Structures are given as C-alpha cells and as structure tokens.
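Numbering (the numbering used here), first residue to last: 20 to 151. Backbone N, C-alpha and C fix where the C-beta goes; we use that ideal spot for every residue, glycine too. Remember, it's a predicted structure, so these values are computed and weren't measured experimentally.
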C-alpha cells in the first residue's frame, strides 16, 4: 500500500462507495415498508418470494457495514496511511453488489442487473488498488 495517499483514484472510489452504500442503507431504514412492498412485487414470481424480508434485512446490513468500513478506510488512509479497513470495505462492497446482481438476475430484471454491473466495476478496481 505504498503511497496510498497519492492514489487519488482509491480515495475517490471510496467516496463513491460510501455515498452509494450509506445512502442506500439509510433509505432502506427510513422507508423499510416501501422498500419491502416494492421488493415483494419485484420477486413475486421467483423462488425468493417468501424470503424477501430476510433478504432485505441481509442486504441492508451488508450495505451499512460496507459503507461504514469504506468510511473508516477513507479516514485510515488519509490520516494513518494504512488501508486495511478500506480493503475490507471494498471487498464487502463487491459481495453486496454480487448479492444484488443475483437478485436482479433471478427477478429477470436485466436492466437493473446491468446497472449493478456498472457499480461493480469501480468496486472491484478498488479491491485491485488496495490489495496488500
């Protein structure tokens, strides 16, 4: 992780993931009922239809932890010069995005899946930039 403070790309991607996941998690907390209702409709014709509340809680937890780890990682990179939290935040971000991608594919929402793939590109690039 040499010269990570000079790696503007890593810092910017961390900010991107912080905004993405913390905003999404906060939205799920604030509008749990609305999100749950929409997702029940989205998955009504899939094998996941009876698991929607559990899956929503799981992805909420993943998003909040990923966003928090990225935020801690940003702080750690800037002030300590160490990237452990950022690396784990990037990995968890990728896992959360893969979970979301799986759901979109099962629901046959290919436009939604394509959007998630676009988010996955900077997340996986951050894993590459931060790997020890």
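Per the C-alpha coordinates, the member of 119, 90 and 136 positioned closest to residue 71 is 119. Spatial neighbours of residue 78 in its own chain (CB-CB distance under 7 Å, excluding positions within 5 residues in sequence) are listed in chain order as 115, 118 and 119. Under the three-state reduction of DSSP output, residue 143 falls in the helix class.
Collapsing the DSSP output to three states places residue 72 in a helix.
For residue 52, the closest C-alpha among the options 88, 90 and 76 is that of 76. Residue 142 is a Cβ neighbour of residue 36, given a cutoff of 8 Å.
Taking 8 Å as the cut-off, the beta carbon of residue 30 is found closer than this to the beta carbon of residue 96.
Taking the Cα of residue 127 as reference, the smallest distance to any Cα among 145, 146, 102 and 62 is reached at 62. Remark: C-beta atoms of residue 108 and residue 85 approach each other more closely than 8 Å.
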